[in-house]
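**Q** Can you read through this structure? Questions will come right after.
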Amino acid sequence: KMLKWILVTAFGYQGYRNARFGRIEIHEAINAFARKLLADVARAAERSGYRVLHGIVDSLWLSANPARPPPDPERWASEVGAAVDLPLGYEGRYRWIAFLPSVRTGLGVPHRFYGRYDSGEYKIRGIGSRRHDTPDYL
112 KMLKWILVTA FGYQGYRNAR FGRIEIHEAI NAFARKLLAD VARAAERSGY RVLHGIVDSL
172 WLSANPARPP PDPERWASEV GAAVDLPLGY EGRYRWIAFL PSVRTGLGVP HRFYGRYDSG
232 EYKIRGIGSR RHDTPDYL
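Going by the working numbering, the residue at position 7 of the sequence shown is 118; the numbering climbs one at a time, nothing skipped.
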């Protein structure tokens, strides 16, 4: 987690127009590298029998392909992480997940979702119920 936050901070600083040591070219290079890495991992997932549902910045949501059962997700993440020389983690398996639609296009977006893990725990991102002043039940 520490590596992620160091990279997030460095990335944001490089794109800030008033940064004393920032360079937009570095910001753009980081974007290009990240897009390529995400695309490579998504292709590896599809080759391994997963179906890619969504991907954004540092996350990839995968689903099992009924025609071709995928390998163990934790082992797969470890192997692919070694192949791309970046540690990949497995967060968990969702019993169900809902990607909320974009206001403009109506299509599901990866940074606004809620879902329930097999453990029963919920994960909520990008929606109002995550705020601390939202009641438990509406």
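From the three backbone atoms N, C-alpha and C, an ideal C-beta is built for every residue, glycine too.
Taking the runs of the alpha helix (DSSP H) that are 4 residues or longer, which of them lie wholly in the segment 156 to 203?
**A** 184 to 195
**Q** Cβ of F210 within 8 Å of Cβ of G219?
**A** yes
**Q** When we look at the beta-carbon of Y161 and count the other beta-carbons within 10 Å, is it buried (16 or more) or exposed?
**A** By the neighbour-count rule (16 or more Cβ atoms within 10 Å), Y161 is buried.
**Q** By alpha-carbon positions, which one of A145, A156, G192, K234 ends up nearest to G203?
**A** Of A145, A156, G192, K234, the residue nearest in Cα terms is K234.
**Q** What are the boundary residues of the beta strand (DSSP E) that includes K115?
**A** Where K115 is concerned, there is no enclosing beta strand (DSSP E), although the alpha helix (DSSP H) it sits in stretches over 113 to 126.
**Q** Exposed or buried, what is R116 when buried is set at 16 or more other beta-carbons lying within 10 Å of its beta-carbon?
**A** The identity of residue 116 in the sequence shown is Trp, whereas the question assumes Arg. Flag for W116 reads exposed.
**Q** Quick check: the Cα distance between E157 and L148, rounded to an integer number of angstroms?
**A** 14 Å
**Q** Starting from the C-beta of G200, find all residues in its chain whose C-beta is less than 7 Å away, skip the five residues before and the five after it, and write them out in chain order.
**A** A188
**Q** Is P177 a contact residue of the ligand SAH, with contact defined as CB to any heavy atom under 7 Å?
**A** The ligand SAH is not part of this structure, which contains no ligands at all.
**Q** Kindly list the residues whose CB is nearer than 8 Å to the CB of L171, restricted to its own chain and excluding five residues on each side of it in sequence; keep chain order.
**A** Once the five neighbours on either side are set aside, the close Cβ partners of L171 are L149, V152, A153, A156, V163, H165.
**Q** G219 lies in the beta strand (DSSP E); which residues open and close that run?
**A** 219 to 228
**Q** Using three-state DSSP, classify A209 as helix, strand or coil.
**A** Reduced to three states, the DSSP call for A209 is strand.
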